[in-house]
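Keeping their order, the protein sequence lines are chains B and E. Residue numbers for the first sequence follow the numbering used here, beginning at 2 and rising by one. Residue numbers for the second sequence follow the numbering used here, beginning at 65 and rising by one. Think of the CB as a built atom: it goes at the ideal place given N, C-alpha and C, for glycine as much as any other residue.
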Amino acid sequence: MTDNEQALLRTRRLSKQYGKDESLVRAVDEVDLAVGRGEAVAIMGPSGCGKSTLLHLLGGLDRPSDGELWLNGRRIDQLSERALAGLRRREVGFVFQAFHLMDELTARENVEIPALLDGRTPRQARRRALELLEQVGLTDRGDHLPAALSGGQRQRVAIARALVNEPLVLLADEPTGNLDSAATLEVLRLFGHLHAAGLTLVIVTHDERVGATADRLISMRDGALIDETRLTGGTRGSLTALFAKEG
Amino acid sequence: MQQEVVLALLAKEPSQGSRLRARLNDALGPLGEAMNAGQIYVTLGRLEKAGLITLDDPGGAADRDRKVYSLTAMGQERVSEWLTEVSWPKPDLAEFHLKLIAAAAAGLADPVSIVDAQRRELLRQLRDVQRAAMDELEGSDAALLLEGIALRLQADLRWLQACEASWITRKRAR
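See below:
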C-alpha cells in the first residue's frame with residue numbers, strides 16, 4: 002500500500018451517487034485510493050462498475066457527492082468551478098478512448114491549444130508542442146490533420162496534448178479501446194517511456210493486456226475497489242515456463 | 065521441441081543444425097531463449113534414426129555444427145501431412161476446475177483464494193509477455209507469437225473471473 006503521506010493522488014471515502022431513494026445508484030462507493038508519485042496504476046472492472054466515473058472524479062471532470070480528494074497535498078473536492086478549470090488545465094492530463102482531437106486542426110495545433118488556453122505565447126506553445134511531438138515519436142507528422150493519422154498516432158497526439166502543460170498526473174480512460182493490437186503496443190510503449198521518466202499514470206481499462214503493464218492493478222466492482230495486485234519486480238523468468246507449456 | 069517443427073524447417077533447403085537453430089530463434093524471439101542449445105541435435109538424431117532425414121556427408125565433418133541434414137522422401141511426406149493436421153494444444157482447465165471443487169468439498173482451502181492466487185500468477189506472466197512484446201519490433205515473427213500467448217492468458221484470466229464470481233456466489237449461498 003502506498004504511504005498516504007507521500008501519495009500524489011489520494012481519496013478518502015470518495016463517492017458519487019446518481020438519483021435517489023429506490024433509483025439511487027452508487028457509481029463510486031466510498032473509495033479509498035492512494036496513488037504514489039511516479040506510480041502507474043490500472044483500474045479494471047466490468048462495464049458499469051464505476052471505473053470511468055472514478056477517473057472523472059480524480060481529474061475534476063465531475064464532482065463527488067461525498068468524501069475527500071487530495072492532489073499533491075491539496076484538497077480539491079470543494080474547489081470553485083474556476084479553480085477546478087485551472088486544475089484540469091494544468092495539473093491533470095486526460096486521454097480518452099476516442100482521442101477527442103479537433104479534426105480541422107493539425108496534430109501540432111491540437112497539442113498547442115491547452116498551452117495557449119493556459120496563457121503561453123504562440124511561440125512558447127509551438128516550441129513545447131514540437132518537443133512533445135518528438136517525445137511521442139511524431140516529429141514528421143506535426144502538420145498532418147488527424148484524419149491522415151493512424152489510430153495509434155492519433156492517440157499519441159492526444160497524449161502529447163495531455164502533457165503540454167506538464168500535469169502532475171496523466172489519467173487515461175480506455176486509451177486503447179479503439180486500437181488494434183499493434184497500435185495498443187505503440188501506446189503502451191509510450192506510456193512505458195513516460196512512466197520511466199517519472200510520470201504518474203492512472204489508466205482505466207477493460208483489457209488485461211493493458212492492465213498487466215501497470216505497477217499495480219486494482220479491480221473494481223459495483224462502485225467499490227475489491228482487490229489489488231502488485232505487478233512490479235520480477236523477471237522474464239516466466240517466459241521460459243510459458244514456452245515449455247507451449248512446446 | 066516437436067520433431068515435425070525441425071523437419072518442416074528442413075523443407076526449405078538442406079541445412080546445418082546451427083542454421084536451423086538460428087531460424088528458430090528468429091521466429092521465437094525471447095521465447096527462444098528457453099531452448100537448450102543441444103536440443104535440436106537430439107531431435108535431428110531421432111529424425112535421422114526414423115529415416116526422415118539424412119546426413120549429406122555421413123563420413124565427413126566430425127563437428128556436429130558442420131553436418132548438413134536434408135529431408136528424405138519419407139520426411140517430405142511427413143511434412144506435408146503435418147501441415148494439414150489441425151491438432152491444437154489444449155490448456156488443461158479441467159485440472160484447475162477439479163482442484164477448486166475438491167478443495168471446497170473437503171473444506172481444505174477457500175476456492176476463491178485459490179482463484180485469486182492463480183489470477184495473480186497469470187497477471188505476472190501476462191506482464192512479462194507484454195513487456196517482451198513491447199520490446200519487439202512491430203511486425204516481427206516473435207511479436208505475432210507473443211500476441212497469441214497474451215491473448216490466451218487474457219482468455220484464461222477472464223475464465224478465472226467467471227470462476228471467482230461463481231465461487232463467491234456459492235459461498236454466500238452456504
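Interface residues of the stretch 173–195 of chain E facing chain B [CB-CB below 8 Å]: D180, R183, R184, L187, R188, Q189, L190, R191, D192, V193, Q194 and R195
Reducing DSSP to helix, strand and coil, say where B:G248 ends up. The pLDDT assigned to B:G248 is 37, lower than 50, so where the model puts this residue is not dependable; a value taken from the coordinates is nonetheless given after this. Here B:G248 sits in coil by DSSP.
Do you know offhand how far E:A168's Cα is from B:T54's? Pairing E:A168 with B:T54, the inter-Cα distance amounts to about 37 Å.
Using a Cβ-Cβ distance cut-off of 8 Å, determine whether B:E229 contacts chain E. no
Euclidean distance between Cα positions of B:G46 and B:R222: 6 Å
Specify whether the stretch 200–216 of chain B and the stretch 154–174 of chain B touch according to this definition: at least 3 beta carbon pairs, one from each stretch, less than 8 Å apart. These segments touch.
4 or more residues per run - each alpha helix (DSSP H) lying fully within the stretch 143–173 of chain B: 152–164
Looking at the structure shown, is E:I117 part of a helix, part of a strand, or coil, going by DSSP? strand
Closest by CA to E:N89, which one among E:D180, E:L209, E:M198 and E:Q218? E:L209
Residues of chain B with a CB under 7 Å from the CB of E:E149: which are they? In chain order: nothing, as chain B lies at least about 16 Å away.
E:N100 versus E:A229 - alpha carbon distance: 41 Å
Pairwise C-alpha distance: B:I114 and B:V158: 12 Å
Check each residue of the stretch 202–219 of chain E: if its Cβ is closer than 7 Å to any Cβ of chain B, include it; give the result in chain order. E202, E211, I213, A214 and Q218
Could you say which of E:S177, E:A196, E:L71 and E:Q103 lies nearest to E:D129 if we only look at CA atoms? E:Q103
Can you list, in chain order, the residues of its chain with a C-beta nearer than 8 Å to that of B:A116? Leave out the 5 residues immediately preceding and following it. Taken in chain order, the residues that qualify are Q125, A126, R129, A130, V165 and N166.
So that I know if they touch, is there some Cβ in chain D lying closer than 8 Å to that of B:G193? The structure shown has no chain D; the protein chains it does contain are B and E.
Grouping DSSP H, G and I as helix and E and B as strand, with all else coil, what is E:A75? coil
Is the beta carbon of B:A1 less than 8 Å from the beta carbon of B:P147? Given a span of 2 to 248 for chain B in the structure shown, any question on residue 1 of chain B remains unanswerable.
Smallest Cα separation from B:E175: which of B:N111, B:G37, B:T12 and B:G51? If we check each option's Cα against that of B:E175, B:G51 comes out closest.
Beta-bridge pairing of B:S16 - partner residues as DSSP gives them: B:D67
Exposed or buried, E:S177, counting other C-beta atoms within 10 Å across all chains shown (16 or more means buried)? exposed
Just to confirm my understanding: we take E:W146, look at its own chain, exclude 5 residues before and 5 after, and list those with CB closer than 6 Å. What are they? Result list for E:W146: E68, in chain order.
When you compare only the Cα positions, how much space is there between B:S24 and E:A237? So the two alpha carbons sit approximately 26 Å from each other.
Classify B:E40 as buried or exposed, calling it buried when 16 or more other Cβ atoms lie within 10 Å of its own Cβ. buried
Interface flag, E:W146 vs chain B, CB-CB below 8 Å: So no, E:W146 is outside the interface.
In this structure, how does DSSP classify B:V137 when only helix, strand and coil are distinguished? Correct three-state label for B:V137: coil.
Verify the CB distance criterion: does E:L221 have a CB-CB separation below 8 Å to chain B? Output row for E:L221: interface = yes.
Cβ neighbours of E:R234 in the same chain (closer than 6 Å, five flanking residues each side left out): none
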